[in-house]
Every structure is written in structure tokens, then in C-alpha cells.
DNA sequence: TATGAATGAGTGTTCATTCAT
DNA sequence: AATGAATGAACACTCATTCAT
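Chains as they are written, first to last, in the UniProt record's numbering: chain A, 1 to 198; chain B, 1 to 198; chain C, 1 to 198; chain D, 1 to 198.
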């Protein structure tokens, strides 16, 4: 169960590939093992069970992403700028790894309730990040004073998520990154920020 | 396969109850048959297969809902008013049938990709309705001229969906209907509409 | 799970054959199903799980045997005669169904502790029968007054069981039934009964 | 594979502990290795395979026991006295090492047929010892002239074995040693010996 | 129409054994 | 001699669907 050995990430990356290409329900442990170039049994030296592979996958990938964004945001002053950075980073992250995008946006959502609850725990870190930006925006008078933080967070996350899911389901037929600007404008307007062109 | 016989809706309603109470992965055909008071084999006189039950369920329930909203919206003049009506109706619909809410917001999303694609077909009718309101809002100068219709639609649907999902996952612990006003304000602001209090 | 349908006994008899011929650890459910002439899944319409097949097997076969002996014994007057009847019946039963003998004497004993505990429950009926004969023998002054009933029962059962197991492990090379007389004499002597030839 | 190195007995003793505490089916090689304080692979420097550990265990422990009894019996004159010594020694041996008792009476019997045949080879030394006492008893006119030696041996071994097994399965709740006298009386009576109190 | 007994394909996980170091 | 990471074969059980009645 040593999570710092090379085979740990090797198996997780193999799981991403197999799930993305074959789909969640066709991602048998034996297929993941084959893709990772290890024996079936070796999987269980690094993960408790199949579910543990999927949770670990989400934690590693989403966890890294959240840390990445936190770093990028730290350099920005206003909530509006921070939100732009978050939107851009999110779209870049998704567009940069199509396999991972398919896995997190489509395939992993068909998992059972237990797994989804654990995935939600990981997501909470991301939602808290959004909350912090919204609260800051209100305090700095960038956003409406009477803005409901939870609703604003649900708008920001729901909109980005829906945008990304639509894009993934379209087989990435159009340019996702160019949507960052317009998307950002909608979200800050929704938060009560008055953009110039309005 | 006659869809107008009483047992057709009887089976669909049984499916809603079973899925809501037991969860998607515990909703075996035999359980649905038992709940509907028919034999397992009878199911296959009305539906091609299990997937067909779920698609039909979504079509019947969501189809009714779309028709309902279309009627309500027809009586409104402005896009802003129409959007408020849509948000209110959506929240009322969800809050009014907790079984159906659990099924559509949580359980049916665990279905495989094929089923989800077919569910999306049904949703398209709803998304078109939103598109129509957005286009009208732009033409009537209520919304920004340069508003991206697809993005606006994704914001509106994504935000409502995320709000409802969060509420369902919280076991409906708070009042959903009272969120309609604030939710609506965020969405129209996002579309470039200047509300009074801003 | 209806235990009075023909397939119930059909599956149990198939299990006896497969276990006797292939051994306990090679008696996969699929082999039993094939031998019974039914599909794998059909097994589970009649038994909860594999363990349930084995317990039921023991209950049906041993249960019948105990009833059989009880009937035969009822016709006898003295404890000595009853014990002879029990020994003869036991040896006849075993010698009459070599498959069943292998299963109960050798194969089923390799089962796990849970299963063995349940098998012991069934055996208790047999042990109680022995106890009754011993108690009667003491009361009727056929056996020693100070005979320890539990020890006598362990001698009677242990001796018969060891005799039968040795015979089964020898591949039934010699005549088992002819041992009934000498075996019986030893046991009643052990209980304090004075046989003529002594 | 040198059986006189310290680790040989170290591993056997570890096997006794692990099997007694966890049960036969939970006694994985890795657990035995851990208990013995050696690496998994080291086991295979001293034993051909897992079965070889168990056979060796039985040989070492039972072999010692047989030698012990042979010595004790040598000092006795009559077959009746020798049998008493055997019964007492057997019960003392079992009662003195509860781990070993569990292993030999309960756990090792769940092994497969091959292993049981090899265990029987070890037991033959014990059975021959019993045979010798019985033959001597007949020759010395202590036992019946027409006593069947094999049956007598099966009675003696089967009775002791059943008594011990029942005691072990009862979690050693009562005093086993005090049964030696009554047990012995039953056995010699069974062999045709007339005890005083009869 | 309606029934429900029967079907049979499909998979996560364990653990004795090996072998490069 | 000793290690322990890696191997890979093996199997009980579920449930959507069928079809004889």
C-alpha cells in the first residue's frame, strides 16, 4: 500500500486511460493491470480494492488541480481576477488532458453512491476555494452586498461544470479555452459586478 | 408495447418509487415488477428492455414538465419574467415530488453513457426553451447584445441543476422555493440585465 | 427457495456425486449444476449459497437416516437390541451409498468452521438418540449403574465413526456389514454388559 | 531444507500458533512467516511447500508424543495398565498444549484428502502401538480371545479421539484428565476385561 | 395478455510460490 | 542464507431476458 512507489501512479494513469477509452463499466481490474503493465495481483499491493483505485485517482488528480489553482490565485488581487484565473485554469486543465476530462466529467459519475460521496469530499476543497473568492468579492465591494454565497458558488461551479460536460460530450469539437472570457463575464455579472461593456 | 394502456404508467411509476427508495443499482426489474403488481415477464410487453423503462420514465415525466412550463411562460411578456417563471416552476416541480427529484437528479445519472445520451435528447427540449428565452431577452434589449446564447443556456441550466442537486443531496433540509428569487436575480444579472438593487 | 420441488433433491444428489468423485475443493457450483442438468443460476432458486447446498445435503440425508433408525429402534425392547439395530443400520446406510459415505465421512469434514458447526447441529439429533439408548440401558440394569452417559455416547459414536472412516479410506475393500456383530459386542461390553462368551 | 537448523522448529511452532489462533483457512504462509519472524521466501528454504509445513508439524509433534508414550508404557506389565497409561498420557498431552490440541483435533482435519492421507501415515505409528497392547492383552488372557484387534484399535482410538474433539470444541470447559479413569474402564470392558465393580 | 421458472454470461480478489537482489 | 515484491490462476453469485404454459 505504499503510495510513493512508481507503480502507484502508473496504475492510476492506466486506470484513467482504460476508463476513458472503454468506459466505467468496462474498466475491469484486469484491463487496468494490463494497461499498467503489471499483474492483476500487483494492483492489490497498492490499492485496497477497485473502488480505492478510483477514489485515489480522483484525489490525486483533483487534489493536484486544487493546489495548482490555489497557487495561481494567490498572485491575484481582486476577486474578479481570481475568478478569471480559476475559470481559465479549470478549462485549461480539462482541455489539456482529454482522457482525464472524460473520466471525471462522464465516467466516474456512474459510480455507486458510496464512491460518489467520497468524490464529493474531494470536491469540497474546490467548492471552499470558490466560496472564499465570493466572500472576498463581497467584502471588497466587487460583488453585490446581498449576494447569497452558497447560491453564487452553485452558479459558478454549476456553470463551469455544465460547460465542460457539454464540451466533453461533444467530443471536444470546439475550442474550450476561448470560452473562458465570456464565461467569466457572465459569472461576475451574476455576482453583481458591473462590467464595462454592459 | 402499447403505451396507452394503464399498466404502462403503472410500471413507470413503480420504477420511480423503487429507484428513489433503493437506488439505481438496486432497482432490479423484478423489484419494479413487484412494486407495479405485475409479473416480471409482463414488463417486456410494455418495454423493450430495462433501459427503455428508464428512458420512457424520463420522457414522460420531463416531457410533461416541459409542456407545463411552456404553457406558463406563454402568459409572460418579458424574458426576465419568463426566466423567473421557469426557475420557480423548476424548483416547484422538484420540491413537489421528492421521489422524482431523487431519481432524476441523483440516481439516473449513474446510468451508462448510452442511456445518458438518450436522456440528453429529452433534455434538449428543455434547453431549447431556455435558448428561446435568452434569444428573446437579447432581442428585446433586456440582456447583453454580445451574450453567448449557448453559454447563457449552460449557466442557466447548470446553475439550476447544481442548486437542485445540492438540495436533494442534503436530504431536502432547507426550503428550496425561497431560493427562486435570488437565483433568478443572479441569472439575469449574468445575462447582463441590470436589476434595481445593483 | 421451494424445497419440495423435484429440482431441490436433484441438485442435492448432484452435489453428492460431484463431491464424492471430485472432492470437496473441486466441487464448484458450476460442476454441481452441470451434473444436476440445470443452469448455474437455477441453483440459487433453491439454495441461498453454496454452503446452503452442503448443509441441506447433510440435513436431508442424515435427517432421513435418523428418522429411519428411530423407527427401527422403536420395535426393540432392550437397550442392547436397540444398540445392535443402530450399529447395523449405520453400517448398512454407509455401505449402501458409497458416494454419500465418502461425502459425509471424508469430504464434508474439510469444510470451514461455520459449516462444521451447522453440521454438528444435525449430528446432535443422532447423539441424543444414542444418549437415550444408553440411559435406558442403565435404567433397565443392562449397563453399569455408574456408566458416564456422555463418555458412553462418545465411545459408541467415536467407535462407529472411526470404523466407517477407516473402511471408506480403504476404498471399501472389505465387508463392512459383517463387523456389526463384533462391534456391537465391544460397545455393550464397554457399557458394562456381560455377554455370554465372555 | 536442513531440518536441524533452528529456524525449522521456529517455523513449525509459528504454524501451530497461527493455525490455532486464526484457523486453518486463515493460516496463510505470509502470516506464519511473520509469526516466525522470517521472510515469506525463507519458509521455502526449509519446506517444499505449505503442505510440507503441516505434515512436518504433525510428524514432529505426534512423533514426539508416540516416543513419549512408548517409554512410559515400557515400565508397565499388564495390557490394562499399559492402556491406562496410554489414555492418561493422551489426555495429558492434549490438555497440556491447547494450541496443539486445536490444531490436531480441529483445524488440520479441514485439510484436503492428500494431506489427510499423509497425516494418517504418521498416525499409523500410534495405531500400531495400540495394536501391540491389544494383542498383548489377548495373549495374556486379559482380553477376550476372540477380540478383533482392528476393531478394538478403532474403538480405542475412535473413543479417545471423539472424547478429545468434543472437549476441544467445548472450549475446554471441563476437566479432561478426570475422564481418564472412566474412559479406561469402558475401553478395557469393551475388550472383554472384567473390572471389579461390574 | 399474463405469468414466473429457468437461463448463463461476466469479474473482483486472494495467496502459494518464485526469483532477482 | 535471506529477502519480499511480483505473479496469475481460479470461482461464487446476480439479474436482465426468454418462452412454454
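Backbone N, C-alpha and C define an ideal beta-carbon position, used for all residues, glycine too.
What's the call for residue i, buried or exposed, on a 16-neighbour Cβ count within 10 Å?
{"i": "residue 158 of chain B", "result": "buried"}
{"i": "residue 145 of chain D", "result": "exposed"}
{"i": "residue 174 of chain A", "result": "exposed"}
{"i": "residue 21 of chain A", "result": "exposed"}
{"i": "residue 68 of chain C", "result": "exposed"}
{"i": "residue 177 of chain A", "result": "exposed"}
{"i": "residue 184 of chain C", "result": "buried"}
{"i": "residue 3 of chain A", "result": "exposed"}
{"i": "residue 77 of chain B", "result": "exposed"}
{"i": "residue 270 of chain B", "result": "The displayed coordinates of chain B run from 1 to 198. Any statement about residue 270 of chain B would go beyond what the structure contains."}
{"i": "residue 37 of chain B", "result": "exposed"}
{"i": "residue 48 of chain C", "result": "exposed"}
{"i": "residue 140 of chain D", "result": "exposed"}
{"i": "residue 90 of chain C", "result": "buried"}
{"i": "residue 28 of chain B", "result": "exposed"}
{"i": "residue 33 of chain C", "result": "buried"}
{"i": "residue 100 of chain B", "result": "buried"}
{"i": "residue 15 of chain C", "result": "buried"}
{"i": "residue 40 of chain D", "result": "exposed"}
{"i": "residue 5 of chain D", "result": "exposed"}
{"i": "residue 128 of chain C", "result": "exposed"}
{"i": "residue 56 of chain D", "result": "buried"}
For a contact defined as C-beta to C-beta under 7 angstroms, what are the partners of residue i on chain A?
{"i": "residue 68 of chain B", "result": "None at all; the shortest Cβ gap to chain A is about 23 angstroms."}
Check the Cβ of residue i against every Cβ in chain B and list those closer than 8 angstroms, keeping chain order.
{"i": "residue 161 of chain A", "result": "158 and 162"}
{"i": "residue 152 of chain A", "result": "186"}
What is the residue span of the alpha helix (DSSP H) that residue i lies within?
{"i": "residue 42 of chain B", "result": "40-46"}
{"i": "residue 30 of chain D", "result": "29-36"}
{"i": "residue 71 of chain A", "result": "50-74"}
{"i": "residue 8 of chain C", "result": "6-22"}
Compare the C-beta of residue i with all C-beta atoms of chain C and state if any pair is closer than 8 angstroms.
{"i": "residue 187 of chain D", "result": "yes"}
{"i": "residue 155 of chain D", "result": "yes"}
{"i": "residue 23 of chain D", "result": "yes"}
{"i": "residue 166 of chain D", "result": "yes"}
At the 8 angstroms Cβ level, is residue i part of the contact set with chain B, yes or no?
{"i": "residue 104 of chain A", "result": "no"}
{"i": "residue 6 of chain A", "result": "no"}
{"i": "residue 75 of chain A", "result": "no"}
{"i": "residue 137 of chain A", "result": "no"}
{"i": "residue 78 of chain A", "result": "no"}
So with CB distances below 9 angstroms, who are the chain A contacts of residue i?
{"i": "residue 111 of chain B", "result": "110"}
{"i": "residue 99 of chain B", "result": "By Cβ distance, chain A contributes nothing, its closest Cβ being about 16 angstroms from residue 99 of chain B, past 9 angstroms."}
For residue i, return the contacting residues in chain C, with the cut-off set at a CB-CB distance below 9 angstroms.
{"i": "residue 183 of chain D", "result": "148, 151, 154 and 155"}
Taking 8 angstroms as the threshold (beta carbon to beta carbon), is residue i in contact with chain D?
{"i": "residue 90 of chain C", "result": "no"}
{"i": "residue 179 of chain C", "result": "yes"}
Can you check the region 77-123 of chain D for any alpha helix (DSSP H) of at least 4 residues that lies completely inside it and give the ranges in chain order?
At a cut-off of 4 residues, the continuous stretches assigned as alpha helix (DSSP H) that sit fully inside the region 77-123 of chain D are 79-96 and 98-102.
Of all the alpha helix (DSSP H) runs that stay within the bounds of the region 132-184 of chain D, which reach a length of 4 or more residues? DSSP runs (the alpha helix (DSSP H)) wholly in the region 132-184 of chain D: 149-169.
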